[in-house]
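Peer 1: Once you've had a glance at the structure underneath, I'll fire off some questions.
Residue numbers (the working numbering), protein chains in the order written: chain A, 3 to 111; chain B, 4 to 118.
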């Protein structure tokens, strides 16, 4: 079973700050997703990574396959970025998605 | 938006009654999943399917069954609903990375209350 850990569990920051959320997993994967869930809302996939780095607007996601670690960065954070961010890994072979417990991000104006 | 819909979106049911939730996709993705989301536990896998009539249990499968008779539909049944099954249920679909896609998409969720 793939153990997926995220840190921090909760993060509060001021508008404009640079945000980093971390995800580590225990077993090799075929891909990793970063997901966003707004309060009471659905789940949206922000990125899917199998290597390297991806950027979309103010969001950057990186993955280090050897270290089994990924980070999600938000530059120039904004109150609308307030949400729960979830890391999910796609396991080799059975393609099961395993989720971290999420990071609740609050950006204060 | 990916073509994945859940029904119903909200349901209140009585303890002991059977309940079926439906997940429908138009993406022809191979993999379909049912998760429940509870405070303090995050998303936990109930069952998943890797093809028509091919299903497997997740970490919290007790009290649930699933069926997939067509690629596009994945049904989750609570055989005899209990209050501990009050939760928000999410359906997800994905395609394997060896087919060059590997995307994952989620339904809007079903809020189930068992009274």
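Glycine is no exception: its CB is placed at the ideal position from the N, C-alpha and C atoms.
Bear in mind that the values here come from a model prediction, so they are computed numbers and not experimental data.
1. Please determine, among A:31, A:82 and A:102, the residue with the shortest C-alpha to C-alpha distance to residue 53 of chain A.
2. Select from B:111, B:78, B:86 and B:45 the residue whose C-alpha is nearest the C-alpha of residue 57 of chain B.
3. Can you give the Cα-Cα distance for residue 56 of chain A and residue 98 of chain B, rounded to whole angstroms?
4. Check residue 88 of chain B in the structure and name its three-state DSSP category.
5. List the residues of chain A whose Cβ lies closer than 9 Å to the Cβ of residue 51 of chain B, in chain order.
6. Can at least three beta-carbon pairs, one atom from the region 103 to 118 of chain B and one from the region 48 to 55 of chain B, be found at a separation below 8 Å?
7. With 8 Å set as the bound, which would you pick, yes or no: does the beta-carbon of residue 65 of chain A sit closer than that to a beta-carbon of chain B?
8. If you compare alpha carbons, which of A:85, A:42, A:93 and A:111 is closest to residue 23 of chain A?
9. Tell me, please, whether the region 58 to 76 of chain A touches the region 30 to 49 of chain B by the rule of three or more beta-carbon pairs shorter than 8 Å.
10. Look at the alpha carbon of residue 83 of chain B and the alpha carbon of residue 90 of chain B, and state the distance between them as a whole number of angstroms.
11. Going along the region 8 to 40 of chain A in order, which residues come within less than 8 Å of chain B, judged by CB to CB distance?
12. Label residue 44 of chain B either buried or exposed according to how many other C-beta atoms from any shown protein chain fall within 10 Å of its C-beta, with 16 as the threshold for buried.
13. In the DSSP output, what is residue 90 of chain A paired with across the bridge?
14. So, is the C-beta of residue 85 of chain A closer than 8 Å to a C-beta in chain B?
15. Can you grab the Cα-Cα spacing for the pair residue 2 of chain A / residue 38 of chain A, in whole Å?
16. Mind checking residue 59 of chain B: buried by the 16 CB within 10 Å criterion, or exposed?
17. Is the separation between the beta-carbon of residue 34 of chain A and that of residue 65 of chain A shorter than 8 Å?
18. Given residue 68 of chain B, which residues of its chain have a CB within under 7 Å of its CB, disregarding the five upstream and five downstream residues?
19. List, in chain order, every chain B residue whose beta-carbon is nearer than 8 Å to that of residue 47 of chain A.
20. Would you call residue 71 of chain B buried or exposed, if buried means 16 or more other Cβ atoms sit within 10 Å of its Cβ?
21. Only counting the same chain, and skipping five residues up and downstream in sequence, which positions put a Cβ closer than 7 Å to that of residue 83 of chain A?
22. Which whole-angstrom value describes the C-beta separation of residue 88 of chain B and residue 55 of chain B, a residue pair presumed to lie in contact below a C-beta threshold of 8 Å?
23. Using 8 Å for Cβ pairs, my map puts residue 65 of chain B next to residue 27 of chain B. What's the rounded Cβ distance?
24. Show which residues of chain B have a CB atom less than 9 Å away from the CB atom of residue 88 of chain A.
Peer 2: According to the data block:
1. Working through the first chain from its first residue, we reach residue 53 of chain A at position 51. The shortest Cα separation from residue 53 of chain A among A:31, A:82 and A:102 belongs to A:31.
2. By one-based count along the second chain, residue 57 of chain B stands at place 54. From the listed residues B:111, B:78, B:86 and B:45, the smallest Cα separation to residue 57 of chain B is found for B:78.
3. Within the first chain, numbered from 1, the residue matching residue 56 of chain A stands at position 54. Within the second chain, numbered from 1, the residue matching residue 98 of chain B stands at position 95. Looking at the two C-alpha atoms, the distance is approximately 20 Å.
4. Your numbering for residue 88 of chain B matches position 85 in the second chain. In this structure, residue 88 of chain B counts as helix in the three-state DSSP scheme.
5. For the purposes of this step, residue 51 of chain B is identified with residue 48 of the second chain, where counting begins at 1. By Cβ distance, chain A contributes 96, 97, 98 and 99.
6. Of all C-beta pairs linking the region 103 to 118 of chain B to the region 48 to 55 of chain B, fewer than three are shorter than 8 Å, placing the two stretches out of contact.
7. Position 63 of the first chain, counted from the start, is the residue given in the question as residue 65 of chain A. Output row for residue 65 of chain A: interface = no.
8. Working through the first chain from its first residue, we reach residue 23 of chain A at position 21. When only C-alpha atoms are compared, the closest one is A:85.
9. Using a Cβ-Cβ distance cut-off of 8 Å, the region 58 to 76 of chain A and the region 30 to 49 of chain B are not in contact, since fewer than three pairs of beta carbons, one from each stretch, lie closer than that value.
10. In the second chain, residue 83 of chain B corresponds to position 80, counting from 1. In the second chain, residue 90 of chain B corresponds to position 87, counting from 1. If you take the alpha carbons of residue 83 of chain B and residue 90 of chain B, they lie about 15 Å apart.
11. Hits within the stretch, in order: 32, 33, 35 and 37.
12. Against the second chain, residue 44 of chain B aligns to sequence position 41. Classification for residue 44 of chain B: exposed.
13. On the first chain, position 88 is the one that residue 90 of chain A refers to. Residue 90 of chain A pairs with A:35 and A:101.
14. If you number the first chain from 1, residue 85 of chain A lands on position 83. Closer than 8 Å: no.
15. The structure shown does not extend to residue 2 of chain A, since chain A is modelled only from 3 to 111, so the question has no answer here.
16. For this step, residue 59 of chain B is matched to residue 56 along the second chain. Its Cβ having fewer than 16 others within 10 Å, residue 59 of chain B is exposed.
17. Taking the first chain and counting its residues from 1, the one referred to as residue 34 of chain A is at position 32. Taking the first chain and counting its residues from 1, the one referred to as residue 65 of chain A is at position 63. Between residue 34 of chain A and residue 65 of chain A, the C-beta gap is smaller than 8 Å, which places the two residues in contact.
18. On the second chain, residue 68 of chain B is found 65 positions in, with the first residue counted as 1. Cβ neighbours of residue 68 of chain B beyond the five flanking positions: 80 and 82.
19. As a first step, residue 47 of chain A must be located in the first chain, where it is residue number 45. Chain-order list of chain B residues neighbouring residue 47 of chain A: 106, 107, 108 and 109, by C-beta distance under 8 Å.
20. Locating residue 71 of chain B in the second chain gives position 68, where the first residue counts as 1. Under the 10 Å beta carbon count, residue 71 of chain B is surrounded by 16 or more other beta carbons and is classified as buried.
21. Taking the first residue of the first chain as 1, we reach residue 83 of chain A at position 81. Hits under 7 Å: 76, 107 and 109.
22. On the second chain, position 85 is the one that residue 88 of chain B refers to. On the second chain, position 52 is the one that residue 55 of chain B refers to. The pair is not a contact, with the Cβ atoms about 26 Å apart (cut-off 8 Å).
23. Within the second chain, numbered from 1, the residue matching residue 65 of chain B stands at position 62. Within the second chain, numbered from 1, the residue matching residue 27 of chain B stands at position 24. 25 Å between Cβ atoms; not a contact.
24. Position 86 of the first chain, counted from the start, is the residue given in the question as residue 88 of chain A. Result: 45 and 46.
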